[in-house]
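Enquirer: Quick note, the sequences are listed as chains A and B, same order.
Numbering of the first sequence is given in our numbering, commencing with residue 1 and proceeding in unit increments.
Numbering of the second sequence is given in our numbering, commencing with residue 1 and proceeding in unit increments.
Every residue gets a Cβ at the ideal spot worked out from N, C-alpha and C, and that includes glycine.
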Amino acid sequence: MDRRRFLKTLGAGILGTAGTTLTASRLKAEGVVGGKEFVGVLVDTTRCIGCRSCEEACAEAHDLPVPDISDESVFEKRRDTSVTQWTVVNRYETKKGEVFVKRQCMHCSQPGCVAACLVKAMKKRKQGPVTWDENCMGCRYCMVSCPFDIPKFEYNSWNPRIQKCNLCWERLKQGEQPACVEACPQEALVFGTRRELVEEAKRRIYQRPEKYVHHIYGEYEVGGTEWLYLSAVPFEQIGFRTDLGTIAYPEYSTGFLYAVPIVLILWPMFLMGVSYITKREEEIGREGETR
Amino acid sequence: MNGKTATPEIKSIKDFMVFIRGELKPKGKILTPFNVISAPVMLLGVILIAYRMVKGLSSITNLSQEFPWGVWIGFDVMTGVAFAGGAYVLTFVVYILRSEKYHSIIRATVLNGFLAYVFYAGALVVDLGRPWHIFNPIIGNKFGLSSVLFLVAWHFLLYMIAEFIEISPALAEWLGWKMIRRILRALTLGAVIFGITLSTLHQSGLGALFMMARGKIHPLWYTQFIPILFFISSIFAGLSLVIFEGTISHRVFSDQLDHEYHTKYNDILVGLAKGCACTMLAYFFLKVLIFMHGQHWPYIHTPWGYWYLVEVIGLVLIPCFLFLRGAIDRNLTVIRVAAVLTMVGIIINRLNYTIIAFKWYVPLPVHYVPHWMEIETTLAIIFAEIWVFRWIINRMPIMRHPPEWAIEQEEQIVR
Ligand code: SF4
Ligand code: SF4
Chain A
1 MDRRRFLKTL GAGILGTAGT TLTASRLKAE GVVGGKEFVG VLVDTTRCIG
51 CRSCEEACAE AHDLPVPDIS DESVFEKRRD TSVTQWTVVN RYETKKGEVF
101 VKRQCMHCSQ PGCVAACLVK AMKKRKQGPV TWDENCMGCR YCMVSCPFDI
151 PKFEYNSWNP RIQKCNLCWE RLKQGEQPAC VEACPQEALV FGTRRELVEE
201 AKRRIYQRPE KYVHHIYGEY EVGGTEWLYL SAVPFEQIGF RTDLGTIAYP
251 EYSTGFLYAV PIVLILWPMF LMGVSYITKR EEEIGREGET R
Chain B
1 MNGKTATPEI KSIKDFMVFI RGELKPKGKI LTPFNVISAP VMLLGVILIA
51 YRMVKGLSSI TNLSQEFPWG VWIGFDVMTG VAFAGGAYVL TFVVYILRSE
101 KYHSIIRATV LNGFLAYVFY AGALVVDLGR PWHIFNPIIG NKFGLSSVLF
151 LVAWHFLLYM IAEFIEISPA LAEWLGWKMI RRILRALTLG AVIFGITLST
201 LHQSGLGALF MMARGKIHPL WYTQFIPILF FISSIFAGLS LVIFEGTISH
251 RVFSDQLDHE YHTKYNDILV GLAKGCACTM LAYFFLKVLI FMHGQHWPYI
301 HTPWGYWYLV EVIGLVLIPC FLFLRGAIDR NLTVIRVAAV LTMVGIIINR
351 LNYTIIAFKW YVPLPVHYVP HWMEIETTLA IIFAEIWVFR WIINRMPIMR
401 HPPEWAIEQE EQIVR
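#1: Identify the contact partners of Met106 of chain A in chain B, using a Cβ-Cβ distance below 9 Å as the criterion.
#2: Which residues in chain A sit within 8 Å of Asn141 of chain B, going by Cβ to Cβ distance?
#3: Run down chain A in chain order and give the residues with a C-beta less than 7 Å from the C-beta of Gly144 of chain B.
#4: Output yes or no for whether 8 Å exceeds the beta carbon distance between Ala116 of chain A and Tyr141 of chain A.
#5: What did DSSP end up calling Val274 of chain A once you bin it into helix, strand or coil?
#6: Taking 7 Å as the cut-off, is the CB of Trp132 of chain A close to at least one heavy atom of ligand 2?
#7: Are there any heavy atoms of ligand 1 lying less than 7 Å away from the beta-carbon of Ile150 of chain A, as far as the coordinates show?
#8: Do Cys146 of chain A and ligand 2 come close, with the Cβ less than 7 Å from some heavy atom?
#9: Quick one: which chain A residues come within Cβ less than 8 Å of His133 of chain B?
#10: Using DSSP with H/G/I as helix, E/B as strand and the rest coil, what is Asn394 of chain B?
#11: Starting from the N-terminal side, write out each stretch of the alpha helix (DSSP H) that is 4 residues or longer and does not extend beyond the segment 66 to 151 of chain B.
#12: Taking 8 Å as the CB-CB limit, is Pro219 of chain B close to chain C?
#13: Suppose the cutoff is 7 Å on Cβ atoms and the five residues either side in sequence are ignored; what does the same chain contact list for Pro268 of chain A look like?
#14: Hey, quick one: how far does the alpha helix (DSSP H) through Asn35 of chain B stretch, first residue to last?
#15: Apart from the five residues just before and just after Leu22 of chain A, which ones in its own chain have a Cβ nearer than 7 Å to its Cβ?
#16: Do the segment 196 to 204 of chain B and the segment 229 to 239 of chain B make contact, defined as three or more Cβ pairs closer than 8 Å?
#17: Is the beta carbon of Pro68 of chain B within less than 7 Å of some heavy atom of ligand 1?
#18: Got a sec, what are the start and stop residues for the alpha helix (DSSP H) Thr193 of chain A sits in?
#19: Give a yes or no on whether the C-beta atoms belonging to His218 of chain B and Ala357 of chain B are separated by under 8 Å.
#20: Can you give the Cα-Cα distance for His301 of chain B and Tyr249 of chain A, rounded to whole angstroms?
#21: For Ile73 of chain B, is the beta carbon positioned less than 7 Å from some heavy atom of ligand 2?
#22: By the DSSP assignment, the beta strand (DSSP E) with Val101 of chain A in it spans what residues?
#23: Please state the DSSP three-state secondary structure of Trp416 of chain B.
#24: Here's the rule: buried if 16 or more other CB atoms are within 10 angstroms of the residue's CB, otherwise exposed. What is Thr17 of chain A?
#25: Does the beta carbon of Ser58 of chain B come closer than 8 Å to any beta carbon on chain A?
#26: Under 8 Å between beta-carbons, which chain B residues line up against Thr278 of chain A? List them in chain order, please.
#27: Cβ atoms of Thr225 of chain A and Ile150 of chain A: under 8 Å apart, would you say?
#28: Locate the beta strand (DSSP E) running through Glu93 of chain A, then write down its first and last residues.
#29: My parser needs the alpha helix (DSSP H) runs of 4 or more residues fully inside the segment 280 to 335 of chain B; what are they?
#30: Within the present structure, is the beta-carbon of Met122 of chain A separated from the nearest heavy atom of ligand 2 by less than 7 Å?
#31: Can we count Ala123 of chain B as close to ligand 2, meaning its CB is less than 7 Å from some heavy atom?
#32: Sorry if obvious, but does the Cβ on Arg241 of chain A come closer than 7 Å to a heavy atom of ligand 2?
#33: Between the segment 75 to 93 of chain A and chain B, which residues of the former have CB atoms less than 9 Å from a CB of the latter, in chain order?
#34: Going straight from the alpha carbon of Ala24 of chain A to that of Leu189 of chain B, what length do you get?
#35: Quick check on Ile193 of chain B - is its C-beta less than 8 Å from some C-beta in chain A?
#36: Distance, Cα to Cα, Tyr276 of chain A vs Gln163 of chain A?
Structural data, given as structure tokens:
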């Protein structure tokens with residue numbers, strides 16, 4: 001290979017990689033990667049009766065301790081997901097009565113946790129789920145970067161794992177639905193492609209405008225999430241953060257990352273230039289002395 | 001004792017072993033107050049770390065699902081690395097700008113920076129949940145290229161190598177390796193340029209880590225300029241530490257320094273104070289701009305606002321003014337007080353991002369407060385660093401003059 005060809009290939013290679021990474025993130029923003037649409041779940045909180053079947057099904061599907069779902073005292077206080085509970089249902093008293101809200105990983109379209117992970121242990125799968133892998137170093141940067149505080153860490157173990165909902169990735173691969181969706185007796189959870197779910201959510205709001213607040217939580221929040229929520233009361237009243245903005249979280253660090261190659265090139269050039277100038281001066285100074 | 005420390009004649013492996021064995025023996029008194037305090041602390045630290053490796057992080061830390069990062073990240077890594085900033089600033093001044101004035105303190109500063117990285121950033125190993133995977137981002141068990149932390153990890157590693165090269169001529173002088181010293185010396189400028197570039201990136205990178213903690217850090221502290229603020233503050237953080245550390249080592253190792261050095265040293269301190277004052281002024285104005293631009297007035301009359309003022313006025317503007325006064329009056333005491341205040345300010349600033357103003361909306365009882373054992377291990381790590389620092393200073397030409405042959409070599413290189 002002669003030199004020009006070599007340089008050309010090299011250039012094309014670099015541009016090509018840059019190009020694909022950029023387009024990949026563009027496509028992700030639309031919820032489609034590699035021609036596949038992301039799947040997700042629509043939660044209609046007006047239908048949920050707080051039976052906690054989803055909690056039970058989740059625990060069974062992932063070998064976690066199965067909760068006693070007849071015990072209603074759990075609703076006394078607000079629960080968070082934990083290392084042994086990937087999903088929890090909370091009860092909120094509102095003007096429109098009791099509302100039950102299921103909580104789990106939102107499976108963001110452009111997840112902060114994935115952008116944070118330095119070994120890609122957190123991974124956004126082509127179908128939509130965000131999963132965790134064993135090559136994790138346990139730095140917990142994903143926990144710092146998740147807008148919803150979802151990843152949970154096994155602080156008690158010498159070999160800790162990150163624990164969180166994986167959208168039943170192992171079941172999805174077999175063509176099945178997530179365990180919680182299947183277990184829900186009220187059809188409060190609907191599984192489908194994200195596009196269908198948004199349409200369905202809009203249809204419900206359109207047909208019963210008096211029943212719902214006109215907002216689909218997760219449609220635009222943090223750049224869009226695969227889990228979408230409908231509610232009868234404003235979302236901040238049922239435990240959602242409404243101050244997270246619509247910009248995808250990884251965007252916040254891209255500015256810095258883009259600056260890196262520039263610094264990497266410009267700084268050494270500048271330093272070498274200054275060093276050259278000062279060296280010359282030193283030599284001239286020395287000659288002056290001897291003269 | 002100045003100047004002529006005997007260069008060993010090492011001809012065989014056996015000579016080498018004899019030499020090293022001699023050097024490993026402690027020099028000076030053993031039962032000093034410092035040793036009496038630090039030795040048990042270090043011993044306990046080792047025990048606690050071993051315990052933590054078996055029982056998991058919760059056995060000796062107060063970390064929680066709400067607060068995944070505690071003092072080990074907030075103090076050891078964030079603050080420790082900021083304090084190590086003196087090394088890149090001074091190598092810039094000495095090797096790039098070729099200012100002779102600071103030549104006498106460059107080695108101690110670089111050594112300090114190097115050890116800070118090894119020990120404080122090394123403390124990260126204790127903090128990692130799965131430390132045996134620490135090499136994954138290096139050996140390519142998946143490259144998380146989109147991660148700021150990936151960048152920081154690589155830069156730490158490369159920077160340690162660059163600093164090691166910068167300090168290595170002293171090592172060669174200690175061992176009497178003339179040829180090797182010549183080679184290592186030739187690498188210095190490259191290592192310096194590389195080192196400064198890396199420093200810029202990872203000092204600001206540590207700040208960039210918090211860009212995605214957007215909803216969690218109090219608005220008075222969260223801004224898109226965190227990386228720049230971290231970078232600028234690392235300059236005066238590093239210089240303040242040089243002033244502080246120099247003041248102490250001056251007393252402790254005074255037998256290694258000659259008279260000429262002592263007279264020059266006052267000039268150096270004044271120069272460093274001016275450097276601090278300038279960068280702090282720039283930092284302060286950037287802070288004000290961000291404050292105005294973010295329209296943060298409503299927050300000022302809250303407890304968080306007062307806390308913010310303590311940091312920005314009390315621990316940036318006031319020490320900045322003191323540095324200026326001290327430099328004008330050539331008052332070294334004022335300069336030293338300013339350096340200590342500045343260092344306190346940096347500690348508080350970094351802890352604000354990681355711990356104090358992090359999840360400020362969480363009620364106090366749930367908020368993270370370090371466990372005494374976390375602080376204990378941190379102390380143990382700091383003491384270990386001081387022990388190694390002292391060991392090296394007492395053996396290698398860091399503060400005292402290099403051997404004659406090295407000075408000759410140096411003159412040849414400059415010509
Ligand atoms: S909710 Fe958190 S853990 Fe889940 S995908 Fe989004 S950033 Fe990741
Ligand atoms: S804790 Fe594990 S999964 Fe989370 S960012 Fe660190 S390496 Fe990645």
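Expert: Working from what's here:
#1: Mapped onto the first sequence, residue 106 of chain A falls at position 106. By Cβ distance, chain B contributes nothing, its closest Cβ being about 13 Å from Met106 of chain A, past 9 Å.
#2: Along the second sequence, one-based indexing puts residue 141 of chain B at 141. For Asn141 of chain B, the chain A residues whose Cβ falls inside 8 Å of its Cβ are Val119, Asn135, in order along the chain.
#3: Walking along the second sequence from the start, residue 144 of chain B turns up at place 144. Chain A residues near Gly144 of chain B: Cys117, Leu118, Val119, Lys120.
#4: Numbered from its first residue, the first sequence carries residue 116 of chain A at position 116. Numbered from its first residue, the first sequence carries residue 141 of chain A at position 141. Contact flag set, yes.
#5: As a first step, residue 274 of chain A must be located in the first sequence, where it is residue number 274. Here DSSP, grouped into helix, strand and coil, assigns Val274 of chain A to helix.
#6: The residue labelled residue 132 of chain A in the question sits at position 132 within the first sequence. Remark: the C-beta of Trp132 of chain A is in contact range of ligand 2, defined as less than 7 Å to any heavy atom.
#7: For the purposes of this step, residue 150 of chain A is identified with residue 150 of the first sequence, where counting begins at 1. A distance criterion of 7 Å places the beta-carbon of Ile150 of chain A in contact range of ligand 1, judged by its closest non-hydrogen atom.
#8: To locate residue 146 of chain A, count along the first sequence from 1; it is residue 146. Cys146 of chain A Cβ: outside cutoff for every heavy atom of ligand 2.
#9: Locating residue 133 of chain B in the second sequence gives position 133, where the first residue counts as 1. The answer, in chain order, is Val119, Asn135, Cys136, Met137, Gly138.
#10: One-based indexing of the second sequence puts residue 394 of chain B at position 394. Assignment of Asn394 of chain B by DSSP, reduced to helix, strand and coil, places it in the coil class.
#11: Taken in chain order, the complete alpha helix (DSSP H) segments of 4 or more residues contained in the segment 66 to 151 of chain B are 80 to 83, 86 to 91, 103 to 116, 124 to 127, 136 to 139.
#12: The chain inventory of the structure shown lacks chain C, comprising the protein chains A and B.
#13: Taking the first residue of the first sequence as 1, we reach residue 268 of chain A at position 268. Closer than 7 Å at the Cβ level, and outside the excluded window around Pro268 of chain A, lies no residue.
#14: Working through the second sequence from its first residue, we reach residue 35 of chain B at position 35. Start and end: 33 to 55.
#15: Here the question's residue 22 of chain A lines up with position 22 in the first sequence. Unreliable positioning characterises Leu22 of chain A in this predicted model, as indicated by a pLDDT of 38, which lies under 50. A coordinate reading is not provided.
#16: Enough Cβ pairs lie closer than 8 Å, so yes.
#17: Taking the second sequence and counting its residues from 1, the one referred to as residue 68 of chain B is at position 68. Answer for Pro68 of chain B: no, Cβ out of range of ligand 1.
#18: Taking the first sequence and counting its residues from 1, the one referred to as residue 193 of chain A is at position 193. Bounds of any alpha helix (DSSP H) do not take in Thr193 of chain A; it lies within the beta strand (DSSP E) bounded by 189 to 193.
#19: As a working mapping, residue 218 of chain B is identified with position 218 in the second sequence. As a working mapping, residue 357 of chain B is identified with position 357 in the second sequence. In contact: His218 of chain B and Ala357 of chain B (Cβ atoms closer than 8 Å).
#20: By one-based count along the second sequence, residue 301 of chain B stands at place 301. By one-based count along the first sequence, residue 249 of chain A stands at place 249. Answer to the nearest angstrom: the Cα atoms are 30 Å apart.
#21: Stepping through the second sequence from its first residue, residue 73 of chain B is reached at position 73. Incorrect: Ile73 of chain B has no Cβ contact closer than 7 Å to ligand 2.
#22: For the purposes of this step, residue 101 of chain A is identified with residue 101 of the first sequence, where counting begins at 1. Unbroken beta strand (DSSP E) run through Val101 of chain A: 97 to 103.
#23: Within the shown structure, residues of chain B are numbered from 1 to 415, placing residue 416 of chain B beyond reach of any answer.
#24: For the purposes of this step, residue 17 of chain A is taken as the residue at position 17 of the first sequence. Only weak support exists for where Thr17 of chain A lies, its pLDDT of 37 falling under 50; the value from the coordinates is given anyway. The residue is exposed, with fewer than 16 neighbouring Cβ atoms inside 10 Å.
#25: The count along the second sequence starts at 1 and reaches residue 58 of chain B at position 58. The C-beta of Ser58 of chain B comes closer than 8 Å to at least one C-beta of chain A.
#26: As a first step, residue 278 of chain A is located in the first sequence; it is residue number 278 there, counting from the start. Neighbourhood of Thr278 of chain A in chain B, by CB distance below 8 Å: Ile96, Leu97, Arg98, in chain order.
#27: Working through the first sequence from its first residue, we reach residue 150 of chain A at position 150. Working through the first sequence from its first residue, we reach residue 225 of chain A at position 225. No, the pair does not count as a contact, with Cβ atoms beyond the cut-off.
#28: On the first sequence, residue 93 of chain A is found 93 positions in, with the first residue counted as 1. Where Glu93 of chain A is concerned, the enclosing beta strand (DSSP E) stretches over 88 to 94.
#29: Taking only runs of at least 4 residues, the alpha helix (DSSP H) segments lying wholly in the segment 280 to 335 of chain B are 297 to 300, 303 to 309, 318 to 329.
#30: On the first sequence, residue 122 of chain A is found 122 positions in, with the first residue counted as 1. Yes, the beta carbon of Met122 of chain A sits closer than 7 Å to at least one heavy atom of ligand 2.
#31: Along the second sequence, read from residue 1 onward, the residue named residue 123 of chain B stands at position 123. Relative to ligand 2, even the nearest heavy atom lies 7 Å or more away from the CB of Ala123 of chain B.
#32: Taking the first sequence and counting its residues from 1, one reaches residue 241 of chain A at position 241. It does not: the Cβ of Arg241 of chain A is nowhere closer than 7 Å to a heavy atom of ligand 2.
#33: The residues in question are Asp80, Thr81, Ser82, Val83.
#34: As a working mapping, residue 24 of chain A is identified with position 24 in the first sequence. As a working mapping, residue 189 of chain B is identified with position 189 in the second sequence. Note on Ala24 of chain A: pLDDT 38, under 50, position unreliable in the model; no value is reported.
#35: Start at 1 with the first residue of the second sequence, and residue 193 of chain B comes out as number 193. Yes, contact with chain A.
#36: Start at 1 with the first residue of the first sequence, and residue 276 of chain A comes out as number 276. Start at 1 with the first residue of the first sequence, and residue 163 of chain A comes out as number 163. Roughly 54 Å between the two C-alpha positions.
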